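One structure is given here, and the rest of the page talks about it.
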Amino acid sequence: MTQPSKLRRQIAHQAARMLYDRQESEYYHAKMKAARRVQRGWVKEADLPTNAEIRDEVQSMARMFEGDNRLDNLLTMRLEALRMMKVLQRFRPKIVGSVLTGHVRKGSDIDLHIFSDSMSAVTATLEAEGIRYDVQRKHVNKPGAAGVYTHIHIREEYPFELTVRATKDASVVSKSSITGKPQERMTIAEFEQFLADTYNEIEYAEGLAAVENQVDRFLQYEALLLPLENVKQSPKWHPEGDALYHSLQVFDRARDHLPYDEEFLLAALLHDVGKGIDPYDHVQAGLEALGDDITQRTHWLIAHHMEAALVVDGTIGARAKRRLKESEDYEELILLARCDREGRKVGVETSELEEAIDYLRQLSYECDAW
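For the sequence shown, the positions run 6 to 375 when our numbering is used.
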C-alpha cells in the first residue's frame, strides 16, 4: 500500500487542527484552506487527504490533548440523544455522527436527522418542551453535496444539531462525508437496542435515571432572574431602574474584566435574585433559592457582596475586613463590588437575559467547569 505523501500528511494535520480548534466546521473547507496554507499554490488531487484521514488526525489530537476523558461523557451524550429523539418521535429521528460512532471529542455536537415538510411543526414541538433553539440555513457548495441545508441548533449542556430533511428522504441513505460509505444511522428502536447491547444493565439504568431526573440549572437561573424586571428599586441607590436591568449591567461589567470565569460571572448575574423573593433579606433569600445550583465559590461571592460594598466605600470595620481578606477570592469579591457600583447607569445598552444565560451555558460547556 502506498504511503501518504509528506505534503498530504501536512495538509491533513493542518485541516484537522482547524476542525479541532473549531476554526472550520466542514471537512471540505478545512481541507482546501489547509492546502492553500501548506502549498501556497495548486495541489495535485493525489496530495489531498481524504476526510477519513483528517478525521483520524482529529481523533489523534483529541487523544493527545484530552486523553481518555473525552469518552467520559459518551454514555450521557448518547442518553441525551435518546431523550431528544423521543421528544421528536413524530419526525422519525435518526442519530448520526460522532456520538453514535464514538468518535467524540470536547465540544462534539449530538447530530440528529429529522424528517418534516413543516419547519413550524418542528419548532412548535421544541417550544412546547421549553427547548431554546436557533434555525440556520446553510448553503453548501462542495462537490456532490451542493444545496441548502436547514439545521436547528439547540444549546443545552450537550449541544444538538438537528438536520431537517423532507419526509420523502426518510428512507434515503446518504453517503458519509468521512468514509464515502453509507452513513451510519439508527432509529429510536435501533439505538435503544444498541445501548442495551453496549452497556451493562446497571450502568445503562443509572445513566438513564440521571438524564431523566436532571434539572437544567441555567433554566433555574433564568426563572429566578425574570421576576427582577418587576422589582423597582430606590432611585437614590439605583437610578437605573429595575433589578434585572441592574443585574445585566453588572454582568456586562464583570464579563469585561473576567470573561472566562464562570463562577464569578454567575455571582455578578445572580447577586440580587433574592430581591424578587424577600427584599428585606435578599442575600439569604437568593442563596437559599439557588441552593446546590451554584458552587461554593459563587455562593461565597454572593454571600459577601454587600460587605464588599462597604470595603469599597471605606466604611467596613477592620476586623470584618480582615476576615474577608483571609479568602483567596477576596480580589474577585472587591471586583464584584465595583461592578455592582458601576452597574447603575441610566439608559445604557446591556445584554439581553437570554444572551447572558447562553453565554454562561456555552462557557460552562467549553471549559468543562462542572
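By construction, the Cβ of each residue, glycine as well, lies at the ideal position given by its N, Cα and C atoms.
Model, not experiment: these values are computed from the prediction.
Pair within 9 Å by beta-carbon distance, residue i and residue j
i	j	result
Gln64	Arg110	yes
Tyr370	Asp298	no
Thr155	Val140	yes
Glu96	Asp174	Reading off the sequence, residue 96 comes out as Phe, not Glu. No, these two residues do not count as a Cβ contact at 9 Å.
Ala259	Ala272	yes
Tyr209	Thr81	no
Leu270	Leu358	no
Leu105	Met191	yes
Tyr32	Ala20	yes
Gln44	Leu12	yes
Val124	Val169	A small correction: the amino acid at residue 124 is Met; Val does not occupy that position in the sequence shown. Yes, the Cβ-Cβ distance between Met124 and Val169 is below 9 Å.
Asp363	Arg160	yes
Leu167	His108	no
Phe196	Leu87	yes
Thr172	Asp122	yes
Leu275	Leu231	no
DSSP three-state assignment for residue i, whether helix, strand or coil
i	result
Pro54	coil
Lys326	helix
Gln141	strand
Arg170	strand
Val178	coil
Leu270	helix
Leu263	coil
Pro232	helix
Tyr250	helix
Ser30	coil
Glu197	helix
Tyr285	coil
Leu186	Rather than Leu, the amino acid found at residue 186 in this sequence is Lys. In the structure shown, Lys186 sits in coil (DSSP, three-state: anything other than H, G, I, E or B).
Thr320	coil
Asp257	helix
Tyr335	helix
Gln219	coil
Gly291	helix
Closer than 8 Å: residue i CB and nearest the ligand HEM heavy atom
i	result
Gly185	Looking for the ligand HEM in the displayed structure turns up nothing, as the structure carries no ligands at all.
Straight-line Cα distance separating residue j from residue i
i	j	result
Ile16	Arg41	9 Å
Lys143	Gly185	21 Å
Pro240	Gly112	45 Å
Gln198	Asp277	48 Å
Leu84	Phe165	13 Å
Gly322	Val220	41 Å
Glu333	Ala294	25 Å
Arg14	Pro54	7 Å
Glu71	His18	17 Å
Pro244	Lys350	7 Å
Gly348	Ile59	48 Å
Pro98	Ala126	14 Å
Glu206	Leu213	11 Å
Asn235	Gly246	10 Å
Leu249	Lys280	10 Å
Ile100	Ile157	14 Å
Glu268	Leu292	14 Å
Val5	Asp26	Outside the displayed range of the chain (6 to 375) lies residue 5, so it cannot be described from this structure.
Glu189	His251	50 Å
Gln367	Gly352	28 Å
Glu331	Gln238	33 Å
Met66	Val317	47 Å
Gln301	Asp283	22 Å
Ala35	Ser103	18 Å
Thr355	His309	25 Å
Asn56	Gln28	16 Å
Residues bridged to residue i [DSSP beta-bridge criterion]
i	result
Phe165	Ile115, Ile159
Ile100	Leu117, Met191
Inset, instruction - Give a yes or no on contact between the stretch 249-259 and the stretch 316-333, applying the rule of three or more CB pairs nearer than 8 Å. - result: no
Inset, instruction - Would you check if the stretch 119-139 and the stretch 200-209 touch, i.e. whether three or more CB-CB distances between them fall below 8 Å? - result: no
Legend entry - the stretch 336-348 / the stretch 305-322 touching (three or more Cβ pairs under 8 Å): yes
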